[in-house]
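Numbering (the working numbering), first residue to last: 3 to 282.
Backbone N, C-alpha and C define an ideal beta-carbon position, used for all residues, glycine too.
Report on the following structure.
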Ligand SMILES: NC(=O)C1=CN([C@@H]2O[C@H](COP(=O)(O)OP(=O)(O)OC[C@H]3O[C@@H](n4cnc5c(N)ncnc54)[C@H](OP(=O)(O)O)[C@@H]3O)[C@@H](O)[C@H]2O)C=CC1
Ligand SMILES: O=CC(=O)O
């Protein structure tokens with residue numbers, strides 16, 4: 003996600019400096035004009051605004067607050083925008099460290115997958131320092147099609163987790179429908195078409211249904227990240243005693259799919275967890 007987002011900034015003429023743990027993934031961006039720094043600390047020291055796109059709460063914390071992390075290069079007048087999908091608690095911790103340096107913080111997880119990231123069509127769910135939100139609006143508008151400012155840090159994370167909790171459950175029940183249709187002698191491709199015509203139509207079903215029928219799961223949104231989001235959303239629900247039995251059941255399916263080696267496949271591979279025999 004970070005690569006296509008950075009690429010869109012570069013293409014529109016922004017002065018972009020990049021870092022990634024695996025340096026080779028920066029090379030295409032460098033060849034497009036990005037500068038490179040060898041640590042998060044050196045990126046934040048060199049830039050007015052830094053966007054961070056990391057896998058999960060642990061990596062977001064490490065890159066922000068670890069040795070040679072982003073916080074070390076921050077200071078008054080600078081801004082840190084974390085676009086990773088993490089829980090509100092992690093976001094608040096990172097915010098606290100960034101703000102202690104005198105800098106501003108915005109959480110801004112994104113809705114939309116690999117293709118929307120490439121096309122500059124992401125949806126930003128932001129919360130935190132309003133002045134930083136206003137400063138980075140031109141950049142958000144390059145990388146995305148919509149943006150929401152949701153108030154205090156934690157609200158952006160919560161919105162993102164709720165959206166992905168719904169998405170994960172939708173994908174799980176869609177998988178059940180595809181397999182059931184096939185078992186009762188219906189063509190699952192026709193089911194995809196029928197669904198696309200009615201009130202429950204969703205771009206996700208039309209996009210992923212045909213390849214799911216062929217047992218193909220080209221990765222847009224890795225299954226391991228969908229399961230992470232289900233887990234974090236269930237934690238959020240637990241914190242306010244909100245029953246979420248359907249999402250809890252769906253989460254179990256993603257865990258089964260992970261245990262069958264499908265972590266790096268697209269999250270639509272959750273359908274494999276419902277088959278008698280699991281592909282690897
Ligand atoms: N893919 C999608 O469709 C969407 C993803 N998201 C969210 O965006 C985030 C990124 O997703 P995506 O790009 O798909 O994930 P990837 O797994 O492709 O990328 C994860 C990134 O995190 C880095 N990373 C992981 N662990 C560490 C660590 N310990 N220290 C430093 N860097 C680390 C990786 O570095 P390295 O290259 O070295 O492994 C890589 O740059 C996730 O939070 C995901 O939930 C949100 C919307 C859509
Ligand atoms: O987080 C995933 C997405 O598609 O949005």
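Short of 7 Å from the beta carbon of residue 160, and not among the five residues preceding or following it, lie these beta carbons of its own chain, in chain order: 90 and 238. In this structure, residue 44 places its C-beta atom within 8 Å of the C-beta atom of residue 75. Proximity of the beta carbon of residue 87 to ligand 2 is indicated: a heavy atom of the ligand is located closer than 7 Å. Per DSSP, the beta-bridge partners of residue 224 are 268. Just measuring C-alpha positions, the residue of 65, 103 and 64 sitting nearest residue 81 is 103. In the DSSP assignment, the residues bridged to residue 37 are 19. Listed as beta-bridge partners of residue 109 by DSSP are 84 and 129.
Sequence-distant Cβ neighbours of residue 32 in its own chain, meaning closer than 6 Å and more than five residues away, are 38. Under the three-state reduction of DSSP, residue 114 is assigned to coil, being neither helix nor strand. Residue 207 and residue 256 have their alpha carbons spaced roughly 18 Å apart. Following the DSSP letters along the chain, one finds residue 148 in no alpha helix (DSSP H) but inside the beta strand (DSSP E) bounded by residues 146-151. Counting every other CB atom within 10 Å of its CB across the protein chains shown gives residue 268 a total of 16 or more, marking it as buried.
With 16 or more other Cβ atoms from the protein chains shown falling within 10 Å of its own Cβ, residue 162 counts as buried. A Cβ-Cβ distance of about 5 Å is found for the pair residue 67 and residue 99, placing them in contact under the 8 Å criterion.
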